[in-house]
Amino acid sequence: DTSITQINQIFKGFDLLKAKSHTLHYGHIINDDGSYLDEVMVAVMKAPKTFTAEDVVEISTHGGILITQKVLERILGLGIRLAEPGEFSQRAYLNGRIDLVEAESIMDLIHAKSEQALKIANLGVRKETSKLIRNLRSKLLTIIAQIEVNIDYPEYDDALVMSKEIIGPKTKDLIDEINILLKESQKNQMIREGVKTVIIGKPNVGKSSLLNALIDEDKAIVTEIEGTTRDTIEAYVNISGVTLNLIDTAGIRETSDVVEKIGVNRSIKALNDAQLVLLVLDQSKLLTKEDKELLELTSHKKRIIIANKSDLPQVLKMDEVVLVSTLTKAGLSKLEQAILSILSLEDIEQRDFNYLSNAR
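Taking the working numbering, the leading residue of the sequence shown gets 23, the next gets one more, and so forth.
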């Protein structure tokens with residue numbers, strides 16, 4: 023039985039078996055005894071012109087948890103089951119309605135955390151991403167086919183002779199095109215998934231204050247006591263369309279405190295996993311041994327050095343640092359620009375999103 027024949031058993035108002043595809047019908051869902059359960063609108067959509075390429079029925083009930091639950095129970099009583107998470111997309115894929123890229127893009131569309139991530143997902147849903155892959159595949163197959171003709175039919179005079187001089191430029195152009203695609207796609211992947219960003223520094227330089235300032239709320243506890251943050255704290259922030267997964271860490275230092283030591287170890291692990299490091303220094307003091315160790319520890323990472331407490335007299339003088347004050351929020355806009363710059367996403371508002379965004 024299809025969904026149409028099943029729902030027709032409990033719907034009164036119109037014979038759904040006679041309904042044309044993509045039509046809306048008024049009526050009632052009825053109980054076993056024929057009494058009315060709810061006044062509804064039923065949409066009938068017939069295969070293959072549906073999302074799953076199967077017959078689909080959509081029922082619009084009155085709002086309210088109880089009546090919706092009762093209608094659902096009535097439907098389940100027919101032997102119909104609830105769909106598993108992602109099952110509609112799975113059915114659409116298995117029925118050839120969408121390809122794997124489109125299926126992934128639908129998931130991305132649902133979980134998008136920024137407007138730009140939404141644009142990327144929409145391109146996948148609209149098959150633009152699949153077109154890119156098919157275009158590259160077509161070019162590669164053309165080169166292979168021309169080579170095979172030369173091998174299998176050397177006597178053909180009208181076939182293009184695929185010499186090294188001809189194959190070389192063709193394959194180089196294709197490789198260059200793929201490399202550009204991969205480079206731009208890495209940026210799209212950052213926009214889609216967010217950038218794992220770790221805030222690191224010795225105790226009491228303002229790491230938690232920076233987290234709070236960037237997300238504009240008091241998520242992390244801030245005190246004058248060193249070692250207040252003993253575990254990693256995570257928060258999301260959207261900077262000009264780029265989602266940062268901010269991780270505030272415990273201050274990294276030698277400590278005999280068992281709990282703080284666990285926090286320090288977690289901070290180091292978070293640092294190793296990070297895509298971007300925000301290293302916070304106190305610009306009102308000279309560099310300490312701990313600061314220098316952190317500068318060395320993060321030297322191989324993509325990082326921004328932040329000199330906090332710019333509201334105090336400047337003591338620390340370093341090149342290529344971003345001066346901020348988490349107290350007055352001065353310099354935060356410059357920090358945001360520095361983040362976009364180091365990620366090569368300054369042109370995010372104008373960039374072409376028609377690239378891959380999934381590692382697979």
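A virtual CB, placed ideally from N, CA and C, is assigned to each residue, including glycine.
Cβ-Cβ distance between A139 and I213 below 8 Å
For A139 and I213, yes; Cβs fall inside 8 Å.
Alpha carbons only, please: which of S347, T219 and S152 is nearest the one belonging to E124?
S152 is the residue among S347, T219 and S152 whose C-alpha sits nearest the C-alpha of E124.
In this structure, does DSSP put D195 in helix, strand or coil?
In this structure, D195 counts as helix in the three-state DSSP scheme.
Candidates I169, S347, D270 and R119, of which the one nearest G285 by Cα
Nearest C-alpha to G285: D270.
By how many angstroms is the C-alpha of L162 removed from the C-alpha of L39?
Their backbone Cα atoms lie some 49 Å apart in a straight line.
Sheet register partners of N267 (DSSP bridge):
Answer is K218 and Y258, bridged to N267.
Can you name the residues that DSSP bridges to A352?
S347.
CB-CB under 7 Å to A143, same chain, minus the five flanking residues each way: which ones, in chain order?
Contacts found: S127, D130, L131 and A134.
Thinking S262 and L362 are a contact (beta carbons under 8 Å), I'd like their distance in whole angstroms, please.
Correct: roughly 6 Å between the Cβ atoms.
Which residue or residues does DSSP assign as beta-bridge partners of E61?
Under the DSSP definition of a beta bridge, E61 partners with H50.
When the Cα of E199 is compared with those of N234, L158 and I51, which residue comes out closest?
Of the listed residues, the one whose Cα sits closest to E199 is L158.
Give every residue of the same chain whose Cβ lies closer than 7 Å to the Cβ of A235, excluding the five residues on either side of it in the sequence, and list them in chain order.
Excluding positions up to five away in sequence, the list reads T348, K351 and L354.
Starting from the C-beta of A105, find all residues in its chain whose C-beta is less than 8 Å away, skip the five residues before and the five after it, and write them out in chain order.
Hits under 8 Å: none found.
Give the secondary structure of T90 by DSSP, where H, G and I count as helix, E and B as strand, and everything else as coil.
Note: T90 maps to helix in three-state DSSP.
Could you check whether Q28 and I81 sit closer than 8 Å to each other, using their CB atoms as the reference points?
No.
Distance, G85 Cα to L334 Cα:
Cα to Cα, L334 sits roughly 57 Å from G85.
Can you grab the Cα-Cα spacing for the pair Q359 / K218, in whole Å?
Counting only the Cα atoms, K218 lies some 17 Å from Q359.
So, helix, strand or coil for N117, using DSSP?
Collapsing the DSSP output to three states places N117 in coil.
On the criterion of 16 or more Cβ atoms from any shown chain inside 10 Å, does I173 qualify as buried, or is it exposed?
With fewer than 16 Cβ atoms within 10 Å of its Cβ, I173 is classed as exposed.
Beta-carbon contacts of Y258 that lie in its chain and below 8 Å, excluding the five residues immediately before and after:
Answer for Y258: K135, G216, I237, T265, L266, N267 and L268, listed in chain order.
May I have a chain-ordered list of the beta strand (DSSP E) segments no shorter than 3 residues that lie completely inside the region 127-212?
Taking only runs of at least 3 residues, no beta strand (DSSP E) segment lies wholly in the region 127-212.
Inter-residue spacing [alpha-carbon to alpha-carbon] between A65 and N210:
Answer to the nearest angstrom: the Cα atoms are 37 Å apart.
DSSP three-state call for I97: helix, strand or coil?
In this structure, DSSP gives I97 a helical state, which the three-state scheme calls helix.
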